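Participant:
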Amino acid sequence: MSAAASIAEQLRAATDLVYAGRFPQAEAGARLVLTRQPRNAEAHYVLALSAMFQNRHADALAPIDKAVSLAGADAQYAFVRAMCLAGASRVEEAVAGYRKALALRPAFFEAWANLGSLLESNGRFAEAEEAYLRAIRLKPGVAAVLNGLGMCLLARGELAGAAEAFAQAVAADPKFATAQNNLGNTLGKLKQVEAAIGHLQEAVRLRPDYAVAWVNLGEQCYVAGRDAEAVAAIDRALALDPANGGLRHLRDAIAGVQTGRAPDEYIRGFFDRFAADFDKRLVEDLEYRTPQRMMEFLAPWLAGREKRLRIEDLGCGTGLSGVVLAPYAARMEGVDLSGKMLDKARERGLYGALHEAEIAAYLDARPAGACDLAAAMDVFVYVGDLDAIFRAVARALAPGGMFALSVERLDGEGDFRLARSGRYAHSRAYLRALAKAHGLVEWKLEEADIRKEAGAPVHGILAGFTRP
Numbered sequence: 026m027s028a029a030a031s032i033a034e035q036l037r038a039a040t041d042l043v044y045a046g047r048f049p050q051a052e053a054g055a056r057l058v059l060t061r062q063p064r065n066a067e068a069h070y071v072l073a074l075s076a077m078f079q080n081r082h083a084d085a086l087a088p089i090d091k092a093v094s095l096a097g098a099d100a101q102y103a104f105v106r107a108m109c110l111a112g113a114s115r116v117e118e119a120v121a122g123y124r125k126a127l128a129l130r131p132a133f134f135e136a137w138a139n140l141g142s143l144l145e146s147n148g149r150f151a152e153a154e155e156a157y158l159r160a161i162r163l164k165p166g167v168a169a170v171l172n173g174l175g176m177c178l179l180a181r182g183e184l185a186g187a188a189e190a191f192a193q194a195v196a197a198d199p200k201f202a203t204a205q206n207n208l209g210n211t212l213g214k215l216k217q218v219e220a221a222i223g224h225l226q227e228a229v230r231l232r233p234d235y236a237v238a239w240v241n242l243g244e245q246c247y248v249a250g251r252d253a254e255a256v257a258a259i260d261r262a263l264a265l266d267p268a269n270g271g272l273r274h275l276r277d278a279i280a281g282v283q284t285g286r287a288p289d290e291y292i293r294g295f296f297d298r299f300a301a302d303f304d305k306r307l308v309e310d311l312e313y314r315t316p317q318r319m320m321e322f323l324a325p326w327l328a329g330r331e332k333r334l335r336i337e338d339l340g341c342g343t344g345l346s347g348v349v350l351a352p353y354a355a356r357m358e359g360v361d362l363s364g365k366m367l368d369k370a371r372e373r374g375l376y377g378a379l380h381e382a383e384i385a386a387y388l389d390a391r392p393a394g395a396c397d398l399a400a401a402m403d404v405f406v407y408v409g410d411l412d413a414i415f416r417a418v419a420r421a422l423a424p425g426g427m428f429a430l431s432v433e434r435l436d437g438e439g440d441f442r443l444a445r446s447g448r449y450a451h452s453r454a455y456l457r458a459l460a461k462a463h464g465l466v467e468w469k470l471e472e473a474d475i476r477k478e479a480g481a482p483v484h485g486i487l488a489g490f491t492r493p
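Residue numbers (this note's numbering): 26 to 493.
(1) Under 8 Å, do L171 and A197 count as touching if we go by C-beta distance?
(2) Considering only residues of the same chain and omitting the five flanking positions on each side of I292, which have a CB-CB separation below 6 Å?
(3) Pull the bridge partners of C109 from the DSSP assignment, please.
(4) Taking 8 Å as the limit between beta carbons, can you name the residues of its chain near G347, skipping five residues before and five after?
(5) How about S431 and M319: do their beta carbons lie closer than 8 Å?
(6) Rounded to the nearest angstrom, what separates E189 and V120 at their Cα positions?
(7) By alpha-carbon positions, which one of Q245, L215, V248 and K200 ends up nearest to R230?
(8) Just reading off the beta strand (DSSP E) that C396 is part of, what are its end residues?
(9) Taking the DSSP output, what are the residues bridged to R335?
(10) Using a threshold of 8 Å, state whether the C-beta atoms of A423 and A395 are closer than that.
(11) Starting from A92, trace the beta strand (DSSP E) in both directions and tell me its first and last residue.
(12) What is the residue span of the alpha helix (DSSP H) that H463 lies within?
(13) Quick check on this structure: which residue in G186, V195 and K91 has the alpha carbon closest to the alpha carbon of L215?
(14) What does the alpha-carbon distance come out to for the pair A258 and M366?
(15) Starting from G437, trace the alpha helix (DSSP H) in both directions and tell me its first and last residue.
(16) So, for A204: in the same chain, excluding its five sequence neighbours on each side, which residues have a beta-carbon less than 8 Å away from its beta-carbon?
(17) Please identify the residue among R434, I336 and A458 whose C-alpha is closest to the C-alpha of R448.
(18) Can you tell me whether P288 is helix, strand or coil according to DSSP?
(19) Tell me which same chain residues have a C-beta within less than 8 Å of the C-beta of L57, skipping the five on either side of it?
(20) For W137, which of G112, M108, G148 and R115 has the nearest alpha-carbon?
(21) Taking the alpha carbon of A488 as the reference point, which residue from E472, R476, A96 and G480 has its own alpha carbon closest?
(22) Alpha carbon to alpha carbon, how far is T211 from A221?
(23) Output the distance between the C-alpha atoms of A419 and R492, rounded to the nearest integer angstrom.
(24) Is the CB-CB distance between R276 and V256 below 8 Å?
(25) Any idea which residues DSSP pairs H451 with across the strands?
(26) What separation, rounded to the nearest whole angstrom, lies between the Cα atoms of E438 and V483?
(27) Can you list, in chain order, the residues of its chain whose CB lies under 7 Å from that of G271, leaving out five sequence neighbours each side?
(28) Grab the span of the alpha helix (DSSP H) containing A378 for me, first residue to last.
(29) Could you say which of T40, V282, M77 and A421 lies nearest to L6 if we only look at CA atoms?
(30) Is F303 helix, strand or coil when you go by DSSP?
(31) Which residues mark the beginning and the end of the alpha helix (DSSP H) in which T343 is found?
(32) Could you compute how far the alpha carbon of V116 sits from the alpha carbon of G148?
(33) Decide if D436 is buried, meaning its Cβ has at least 16 other Cβ atoms within 10 Å, or exposed.
(34) Helix, strand or coil for V308 per DSSP?
(35) State yes or no: is the C-beta of R47 within less than 8 Å of the C-beta of A278?
(36) Can you find the residues in the same chain that come closer than 7 Å, C-beta to C-beta, to K11, ignoring five residues on each side of it along the sequence?
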């Protein structure tokens with residue numbers, strides 16, 4: 026056997042050792058070759074491959090760079106270099122690296138698939154979708170790629186297309202639990218609840234430790250009115266994630282357990298998820314009109330106070346309430362738990378300052394008597410016990426100041442109640458008792474429909490209390 030043939034055989038053996046997970050032996054073989062041929066590109070490539078397989082992506086870059094510099098235009102080496110860059114979180118360089126590999130070999134399925142995955146994981150869904158489609162044209166039945174395409178379609182609201190992509194992924198690999206979960210979740214969004222439950226049950230059968238799928242299963246069972254199954258599924262999720270306060274709140278609501286407020290992480294997570302299109306969902310889908318109704322309610326008190334009031338917009342969200350309050354503000358500040366909602370509010374340019382905080386804690390840190398109008402519109406559906414809120418608002422208001430709020434109306438006995446929806450309703454008597462306890466005077470209480478849910482009006486109360 027010639028020397029060249031012997032070296033080629035050694036490198037094939039070293040590569041096989043990498044794929045067998047015998048990394049020290051593989052690296053020893055590659056280094057032995059380099060003692061004889063220091064400029065052997067394939068030996069440097071084997072060292073890079075071994076480091077990459079061990080998730081030592083930063084360590085892999087020096088040998089793969091050496092291999093690329095020695096070999097020149099090689100699509101496989103460019104591809105592995107891009108994978109190492111991606112593993113080292115050097116995203117833009119990795120994207121460029123995959124594109125370089127594809128320029129050298131346009132029909133490189135793995136490069137298109139990896140490029141799609143990298144772009145998708147970084148929220149670049151339009152580019153990822155294009156990459157996945159190119160991969161699918163080259164190799165149509167790969168479940169992971171079809172699942173990735175579904176995620177891109179889901180991200181831009183193409184629910185039917187996403188469901189079709191996930192269904193194809195499941196058909197390609199019925200044991201792919203992630204695709205089963207994604208298909209179930211998407212079918213739920215399409216109101217195909219029983220079909221959704223079937224796929225989610227399969228996802229958790231395949232992966233009993235799949236917490237997200239247990240949550241999705243619980244939510245779909247809840248929608249279907251199968252409350253016992255919903256609670257059982259959420260209990261499984263809680264066993265996997267016992268510190269998740271949001272899950273516990275959901276379970277309490279379905280099981281009828283009464284609590285004082287939703288956990289901050291539940292509120293923050295819920296609104297962070299929906300911040301991007303929250304206004305459309307609220308105004309168009311739920312016919313949300315509370316800000317306009319609140320302005321009509323407050324009109325007698327607001328008359329003649331344009332641009333004169335120091336306003337605190339409590340639970341300001343994206344600033345929908347700020348739009349109607351702004352004409353009366355000498356200065357307006359907003360507070361909300363959701364940073365992403367505050368980002369949207371900031372874009373409106375209405376607020377002197379915005380604060381990411383819990384309402385009572387925020388007001389307690391403010392100067393006493395420095396607020397003329399504290400407004401909370403559709404905020405206390407996530408807070409049952411309002412005692413701390415009333416105490417903090419009463420301290421913050423200047424004499425003559427107004428606390429204006431809306432709540433869902435509690436029909437029946439009690440001060441407040443956590444409903445199956447996960448939201449709280451409050452009674453008139455409770456609001457009046459809190460106001461009296463904290464030295465506020467009732468200005469007016471009025472019933473109003475504050476939005477729609479499942480096509481039916483949600484009955485609420487508009488309330489105004491002043492500080493003497």
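Built from N, CA and C at the ideal position, the CB exists for glycine as well. This one's a predicted model, so the numbers in the text were calculated from it and none came from an experiment.
Facilitator: In this structure, then:
(1) As a first step, residue 171 is located in the sequence shown; it is residue number 146 there, counting from the start. As a first step, residue 197 is located in the sequence shown; it is residue number 172 there, counting from the start. Note that the C-beta distance between L171 and A197 is below 8 Å.
(2) The residue given as residue 292 occupies position 267 in the sequence shown. Closer than 6 Å at Cβ, skipping near neighbours: L362 and Y407.
(3) One-based indexing of the sequence shown puts residue 109 at position 84. C109 is not bridged to any residue.
(4) Start at 1 with the first residue of the sequence shown, and residue 347 comes out as number 322. Closer than 8 Å at the Cβ level, and outside the excluded window around G347, lie D338, C341, M357, G359, A370, R373, L375 and Y376.
(5) Residue mapping note: residue 431 aligns to position 406 of the sequence shown, counting from 1. Residue mapping note: residue 319 aligns to position 294 of the sequence shown, counting from 1. Yes, the pair counts as a contact, with Cβ atoms nearer than the cut-off.
(6) The sequence position of residue 189 within the sequence shown is 164, counting from 1. The sequence position of residue 120 within the sequence shown is 95, counting from 1. Between E189 and V120, the C-alpha separation is close to 27 Å.
(7) Position 205 of the sequence shown holds residue 230. With distances taken between Cα atoms, R230 lies closest to K200.
(8) Residue 396 sits at position 371 when you count from the first residue of the sequence shown. Taken as a continuous stretch (DSSP letters only), the beta strand (DSSP E) holding C396 covers C396 to A401.
(9) As a working mapping, residue 335 is identified with position 310 in the sequence shown. R356.
(10) As a working note, residue 423 is residue 398 in the sequence shown. As a working note, residue 395 is residue 370 in the sequence shown. Yes, Cβ-Cβ distance for A423 and A395 is below 8 Å.
(11) As a working mapping, residue 92 is identified with position 67 in the sequence shown. Secondary structure note for A92: it is in no beta strand (DSSP E), and the uninterrupted alpha helix (DSSP H) holding it is H82 to A96.
(12) Here residue 463 refers to the residue found at position 438 of the sequence shown. No alpha helix (DSSP H) contains H463, which DSSP labels as neither H nor E.
(13) By one-based count along the sequence shown, residue 215 stands at place 190. Cα-wise, what sits closest to L215 is G186.
(14) Within the sequence shown, residue 258 is the residue found at index 233, counting from 1. Within the sequence shown, residue 366 is the residue found at index 341, counting from 1. Taking the straight line from one Cα to the other gives about 30 Å.
(15) Counting from one through the sequence shown, the residue named residue 437 turns up at place 412. Per DSSP, G437 belongs to no alpha helix (DSSP H) and is neither H nor E.
(16) For the purposes of this step, residue 204 is taken as the residue at position 179 of the sequence shown. Taken in chain order, the residues that qualify are A168, L171, N172, G175, F191, A194, V195 and D198.
(17) Position 423 of the sequence shown, counting from 1, holds the residue named residue 448. The residue with the shortest Cα to Cα distance from R448 is R434.
(18) On the sequence shown, position 263 is the one that residue 288 refers to. Reduced to three states, the DSSP call for P288 is coil.
(19) As a working note, residue 57 is residue 32 in the sequence shown. Excluding sequence neighbours, L57 sits near Q35.
(20) Looking up residue 137 in the sequence shown gives position 112. Nearest in C-alpha terms to W137, of all of G112, M108, G148 and R115, is M108.
(21) Sequence index remark: in the sequence shown, residue 488 carries index 463 (1-based). If you compare the alpha carbons of E472, R476, A96 and G480 with that of A488, the shortest gap goes to E472.
(22) Locating residue 211 in the sequence shown gives position 186, counting from the first residue. Locating residue 221 in the sequence shown gives position 196, counting from the first residue. In a straight line, the C-alpha of T211 is about 8 Å away from that of A221.
(23) Here residue 419 refers to the residue found at position 394 when the sequence shown is read from its first residue. Here residue 492 refers to the residue found at position 467 when the sequence shown is read from its first residue. Roughly 7 Å between the two C-alpha positions.
(24) The sequence position of residue 276 within the sequence shown is 251, counting from 1. The sequence position of residue 256 within the sequence shown is 231, counting from 1. Yes; because the gap between Cβ atoms is below 8 Å, this pair is in contact.
(25) In the sequence shown, the residue the question calls residue 451 occupies position 426. DSSP lists R434 and F441 as the beta-bridge partner residues of H451.
(26) As a position in the sequence shown, residue 438 is number 413, starting the count at 1. As a position in the sequence shown, residue 483 is number 458, starting the count at 1. In a straight line, the C-alpha of E438 is about 18 Å away from that of V483.
(27) Residue numbering aside, residue 271 sits at position 246 when the sequence shown is read from its first letter. Only P288, E290, Y291 and G294 meet the Cβ criterion.
(28) In the sequence shown, counting from the first residue as 1, residue 378 sits at position 353. First-last for A378: A378 to E381, but that is the beta strand (DSSP E), not the alpha helix (DSSP H).
(29) There is no way to answer for residue 6, as the model of the chain reaches only from 26 to 493.
(30) In the sequence shown, counting from the first residue as 1, residue 303 sits at position 278. A caution first: F303 carries a pLDDT of 49, below 50, which makes its placement in the model unreliable, though a value can still be read off. Three-state result, F303: helix.
(31) Taking the first residue of the sequence shown as 1, we reach residue 343 at position 318. Note, T343: premise wrong, no alpha helix (DSSP H); not H, not E.
(32) Position 91 of the sequence shown holds residue 116. Position 123 of the sequence shown holds residue 148. Answer to the nearest angstrom: the Cα atoms are 12 Å apart.
(33) Within the sequence shown, residue 436 is the residue found at index 411, counting from 1. Classification for D436: exposed.
(34) Translated into the one-based positions of the sequence shown, residue 308 becomes position 283. In this prediction, V308 has a pLDDT of 48, which is less than 50 and means its spatial position is unreliable; nothing more can be read from the coordinates.
(35) Against the sequence shown, residue 47 aligns to sequence position 22. Against the sequence shown, residue 278 aligns to sequence position 253. Not in contact: R47 and A278 (Cβ atoms no closer than 8 Å).
(36) With the chain covering 26 to 493 only, the question about residue 11 has no answer from this structure.
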